[in-house]
Each structure stands twice: as C-alpha cells, then as structure tokens.
Amino acid sequence: MVSFLTEELVAAGHDVTLFASGDSVTRAELVSCVPRALRLDGACIDPIAPHVVMLEEVVRRAADFDIVHFHDGYLHFPLMGRLGIPHITTVHGRLDIPDLQRIYRAFPEEPLVSISDAQRLPIPAVGWQATIHHGLPPGLFNFHPAPGQYLAFLGRISPEKGPDRAIEIARRVGMPLKIAAKVDKVDEAYYAERIKPLLGDSLIEYVGEIDEAQKDQFLGQAAAVLFPVDWPEPFGLVMIEALACGTPVVAFARGSVPEVMQPGVSGFVVETVDEAVAAVPRAVALPRQDCRAYFDERFTAPRMAAAYVRLYEKMIARERTRRIVEAADAEELLPQTAVQG
38 MVSFLTEELV
48 AAGHDVTLFA
58 SGDSVTRAEL
68 VSCVPRALRL
78 DGACIDPIAP
88 HVVMLEEVVR
98 RAADFDIVHF
108 HDGYLHFPLM
118 GRLGIPHITT
128 VHGRLDIPDL
138 QRIYRAFPEE
148 PLVSISDAQR
158 LPIPAVGWQA
168 TIHHGLPPGL
178 FNFHPAPGQY
188 LAFLGRISPE
198 KGPDRAIEIA
208 RRVGMPLKIA
218 AKVDKVDEAY
228 YAERIKPLLG
238 DSLIEYVGEI
248 DEAQKDQFLG
258 QAAAVLFPVD
268 WPEPFGLVMI
278 EALACGTPVV
288 AFARGSVPEV
298 MQPGVSGFVV
308 ETVDEAVAAV
318 PRAVALPRQD
328 CRAYFDERFT
338 APRMAAAYVR
348 LYEKMIARER
358 TRRIVEAADA
368 EELLPQTAVQ
378 G
C-alpha cells in the first residue's frame, strides 16, 4: 500500500521522499534505511534497530517536508507531537490487543488514519482523522470475464485466516480448492497439526506462497475466492484483489468484511460454514463485470491517493493555524513599553 500510494502521489505531481529499504523500486526520492527489505534479510536480528535509525533520519529532515506520513507503527509518537510538524499515521493492524491500546491511549492527540471503520472499534476515542480504504492501481490486475473451475484461498496459513474452513467449504460443495499461502514460523505447528493432514484430499491443492505477478492468474481464473477469516480483519486486501480480477468473494462477517463487501454484487457475506456452502454457487453465478465495476468505483489507488491528499491539506492547514495562534498569543505576552516625548 505504501508503494501504491507513493507512486500515485508522484504521478499526480507531488514531491515525495520515501524512507524505505534500498531495494525499493520507486519514482520518489528514496532514502535508503537498510540495503534490503527486512523480511528478506536473514542477517537482521533486531528489526527495531533499523527502524530507530530511520526515525532519526526522518526527524532530522522533518522540517523539509509539508507533511510526514508514517506507516510503520508507533515509535515516532513521543517525537513528532513535540516537534510540531504536520504528520499522520496510518494504522495497518488489529487494535484489539491490550498492549497496543495502552500505547494509543497514551497519545490521544496523535493524528491517526484507519483503513476501515471497523478497525477503530476497540479504541474509538483516540486521534482518528479519517478512514481511507486501501486501493490498487487499476491496471495491476486484469479482468477475467469467465469463471474458472476451482475455488481459491490466498493469504497466510494461520488460525485467524481460516484455511481449515476453506477446505471444509470446498469439500462440501465438491469443488477443487487451490491454497496459495505462506507459513510463518509462528504458524508452523498449526500447519503441521491442522492443515497438512487435510492436503491429502484430491480436491485440495497447496500451491505455496505466490508473488504479485502470479496473483493475477491465480485469482482471476478462480470461480470464487474464499475469505473465511476468524479475527477482526482490519481491511482484507485479498477481497479487492479478487474483485479487480472480476472474481466474486465469499467472506465471513468479521472486522471490515461487511464494510468492504457489497452482498449480491461483490459476492456474499456469511456467518457460518453452512452459510458459506450455500453461498458459493450463488457467488459463482454473479456477473463478473459487476465485481470489477465495484472495484473500479471504490478501491483504486487514485481514489486512495486523492483521499490522502485531502487529509494532508487539512492537517497542513491545521498546523498553520496553530502556529499563527501561538505567535499571536506570544506577541500579546511581550512587555509593553510606553515612550513619552
């Protein structure tokens, strides 16, 4: 999302500086904070360390920018509020974790952006400025007009993403299921105990992790995408990736799902596996051009970037007004000297 937003802002004529890893591909001015993305660099033992170094560079240069937009958590909270530099933070993760709630409540004035209204529910009374849904470049995925013969699951092999439910749904409707997903170290036991034993079924194919280029065919050639999440999903990028391909989605009503989906157009929102089984054939029958049209209307990167620009302008104007008021107050407090001629 950071890349999509950055490139749209540059395309719109904005001067953008991106603080990121040195292997980032961007048309913005790149400030390299580490040589390679941390996820790909097995030599990085403490991922917090390079973030602190990056933050120091951001703070050192902050006065050069009209606004600073953070996407990397909360380490900057104690600094930016004291510097008086226009800034916002997009919150990308779940907020139902007590330790995180404590941080956000300690900085109630920190200007935040949610990626769904549902994401805010655990801590509604903090510094929310806007909800801006994610968006994808319109040409990132091709429209696939004809449905394929299989169901698709894309994401992580983890309990909250529900691959076991996806397998049960596919078995019960009698359709092949292709699973494209990575297994993080923390989920290796779950994969070994709960998912791997289910992969012997001839209907189930585990593809493994796929890259962005492979997503187009994987999602676009599916009859429908299953999104059986069981956690407070902050947004759910898989849903709009599928819709960009014209592929309908059957999604569980958790977190942002009812906010992102439009039942009967983009697919169906369900509460249980039984409801999902009943919804699959109805989803497959939906006009795929309507799925793509719904994506074009609500979830493109230009729409996302325009919403952020409006918020940037609002925050810059607010900080300008604050400084004017502070300067006026300071002038009133200056000692007055009377001179008589």
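Residue numbers for the sequence shown, in the numbering used here: 38 to 378.
The C-beta atom is built at its ideal place from N, Cα and C for all residues, glycine as well.
Since the model is a prediction, treat every value here as computed from it, not as a measurement.
Starting from residue i, follow its DSSP beta bridges and name the residues at the other end.
{"i": "residue 262", "result": "189 and 286"}
{"i": "residue 105", "result": "124"}
{"i": "residue 68", "result": "56"}
{"i": "residue 149", "result": "126 and 165"}
{"i": "residue 307", "result": "289"}
{"i": "residue 222", "result": "DSSP, once it has assigned bridges, lists no residue as partnering residue 222."}
{"i": "residue 300", "result": "304"}
{"i": "residue 337", "result": "173"}
Could you check if residue i is buried or exposed, using at least 16 other CB atoms within 10 Å of its CB as the buried criterion?
{"i": "residue 90", "result": "exposed"}
{"i": "residue 378", "result": "The predicted model places residue 378 with a pLDDT of 47, which falls under 50 and marks its position as unreliable, so this point remains unresolved."}
{"i": "residue 45", "result": "buried"}
{"i": "residue 121", "result": "exposed"}
{"i": "residue 128", "result": "buried"}
{"i": "residue 62", "result": "exposed"}
{"i": "residue 324", "result": "exposed"}
{"i": "residue 203", "result": "buried"}
{"i": "residue 156", "result": "buried"}
{"i": "residue 285", "result": "buried"}
{"i": "residue 57", "result": "buried"}
{"i": "residue 103", "result": "exposed"}
Which residue comes first and which comes last in the alpha helix (DSSP H) that contains residue i?
{"i": "residue 250", "result": "249-257"}
{"i": "residue 85", "result": "85-98"}
{"i": "residue 41", "result": "39-48"}
{"i": "residue 133", "result": "Counting along the chain, residue 133 falls outside any alpha helix (DSSP H), and DSSP gives it neither H nor E."}
Let me check understanding here. Comparing Cα to Cα, which of the options lies closest to residue i?
{"i": "residue 95", "options": "228, 232, 348 and 112", "result": "112"}
{"i": "residue 239", "options": "270, 197, 224 and 187", "result": "187"}
{"i": "residue 132", "options": "124, 125 and 141", "result": "141"}
{"i": "residue 307", "options": "329, 206, 226 and 284", "result": "206"}
{"i": "residue 218", "options": "211, 115, 209 and 256", "result": "256"}
{"i": "residue 138", "options": "159, 119, 177 and 118", "result": "159"}
{"i": "residue 230", "options": "194, 343, 110 and 264", "result": "194"}
{"i": "residue 32", "options": "221, 368 and 180", "result": "This structure cannot speak to residue 32, because the chain is shown only from 38 to 378."}
{"i": "residue 101", "options": "43, 75, 88 and 53", "result": "53"}
{"i": "residue 149", "options": "352, 364 and 281", "result": "352"}
{"i": "residue 291", "options": "246, 145 and 154", "result": "154"}
{"i": "residue 220", "options": "300, 211, 212 and 197", "result": "197"}
{"i": "residue 248", "options": "327, 110, 48 and 192", "result": "192"}
{"i": "residue 300", "options": "310, 317 and 311", "result": "317"}
{"i": "residue 215", "options": "262, 151, 224 and 209", "result": "262"}
{"i": "residue 270", "options": "213, 341 and 170", "result": "170"}
For the beta strand (DSSP E) containing residue i, name the first residue and the last one.
{"i": "residue 243", "result": "241-243"}
**OP:** With a floor of 4 residues, list each alpha helix (DSSP H) that falls wholly inside the region 151-216, ordered by position along the chain.
**Re:** 200-210
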